[in-house]
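In my numbering, the protein residues as written are 6 to 299.
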């Protein structure tokens, strides 16, 4: 006779770490799938999966027609067995297709040219007022401009716009597009532009456009900085310093202002993060200087 085992089988034999109900199985949260949420005991059919507050949630409808949302992931039972709900296959496929579509576009929304090298610079140019303008144009339209061979240059202000244009010597094959800050009726900038546009023989080869913002910073959608609209800075206060103060950022030196712009520029992912007025002006300037036969 075999001796009696007073303690039963070895409790450490086998996979002793496995949960009592078994290990959780990844399961797509397809519509009409009926599951139970473990913590609340809520039982319902999947009606939809969506992204809310930066996370995916699944909506479950019980037999009374009531709907409740839960974080997508572990913590559900399917026929008594634990499952980890994952995005439905259709949604995953759509997300993949969207990622591929986004990868095929430049930051300006143009179709990316695979393997294209930058062209030798053409004779035409786009002039902008300052470094921040140039950096913003480069971030959003840089890929397009390199393909077209268009160089963006700084003017360091528009006070002598007529002289700048004359020095460039625009003509056939040398078109000039100019982007001006704060170009609204009654401003100094509007008067300067009007004088430059009056120069004889330039209309065919020069186009001057602008945006209404005090500074190009303001062309970034305020939502990217957590605002509904850009703050109004009191007269007598440096606009950039005032904006930094509103954001709670350092602004005592020029290095602080430069760092602030880098942070703002870092919030720009594509053309969708910029105001339509700036988009329209830059796009028109690019079209103007790259027009076939220009």
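In this text, a Cβ means the ideal position worked out from N, Cα and C, and glycines have one as well.
Start-to-end residues for the alpha helix (DSSP H) that takes in residue i
i           : result
residue 273 : Run containing residue 273: none; DSSP gives neither H nor E here.
residue 172 : 166-173
residue 196 : 193-202
residue 143 : 136-153
Boundaries (first-last residue) of the beta strand (DSSP E) holding residue i
i           : result
residue 32  : 30-33
residue 74  : 72-76
residue 294 : Note, residue 294: premise wrong, no beta strand (DSSP E); alpha helix (DSSP H) at 281-295.
residue 131 : 130-133
residue 43  : Run containing residue 43: none; DSSP gives neither H nor E here.
residue 87  : 86-91
residue 65  : 60-66
residue 303 : Any answer about residue 303 is impossible in this case: the structure gives the chain only from 6 up to 299.
Local Cβ density within 10 Å of residue i, reported as buried at 16 or more and exposed below that
i           : result
residue 161 : exposed
residue 34  : buried
residue 139 : buried
residue 172 : exposed
residue 94  : exposed
residue 84  : exposed
residue 164 : exposed
residue 67  : exposed
residue 237 : exposed
residue 295 : buried
residue 121 : At residue 121, the pLDDT of 48 sits below 50, so the modelled position is not reliable and the matter cannot be decided from this model.
residue 129 : buried
residue 193 : exposed
residue 48  : exposed
residue 134 : buried
residue 286 : buried
Own chain residues within Cβ distance below 7 Å of residue i, not counting five before or after
i           : result
residue 78  : 89 and 90
residue 293 : 180, 182 and 212
residue 200 : 167
residue 37  : 50 and 51
residue 223 : 235
residue 289 : 214
residue 43  : 80, 81 and 82
residue 21  : Here the model assigns residue 21 a pLDDT of 49, short of 50, so the residue's position is not dependable and the matter cannot be decided.
residue 195 : 188 and 189
residue 282 : 216 and 217
residue 127 : 154 and 155
Rounded distance between the beta-carbons of residue j and residue i, thought under 8 Å
i           : j           : result
residue 278 : residue 219 : Rounded, the Cβ-Cβ distance is 18 Å, inconsistent with contact.
residue 144 : residue 284 : Between residue 284 and residue 144 the Cβ distance is about 13 Å, and since that is not below 8 Å, they are no contact.
residue 170 : residue 207 : 7 Å
residue 256 : residue 250 : 6 Å
Sequence-distant residues of its chain with Cβ nearer than 8 Å to residue i (five each side left out)
i           : result
residue 62  : 54, 55, 56, 74, 75, 76 and 77
residue 291 : 131, 146, 149, 150, 153, 155 and 182
residue 230 : 252, 269 and 272
residue 92  : 33, 34, 54, 61, 77 and 100
residue 125 : Its pLDDT being 48, under 50, residue 125 is placed unreliably by the model, and nothing is read from it.
residue 244 : 219, 220 and 238
Other residues of its chain near residue i: CB distance less than 6 Å, five sequence neighbours each side excluded
i           : result
residue 215 : 185 and 188
residue 210 : 175, 176 and 180
residue 116 : Note on residue 116: pLDDT 49, under 50, position unreliable in the model; no value is reported.
residue 301 : No answer is possible for residue 301: it lies beyond the span of the chain, which begins at 6 and ends at 299.
residue 132 : 158, 160 and 183
residue 197 : 163 and 166
residue 72  : 64 and 66
residue 254 : 265
residue 261 : 255
Chain C within 8 Å of residue i, Cβ atoms only
i          : result
residue 61 : Absent from the structure: chain C. Only one protein chain is present.
Legend entry - 3 or more residues per run - each beta strand (DSSP E) lying fully within the segment 198-246: 211-215
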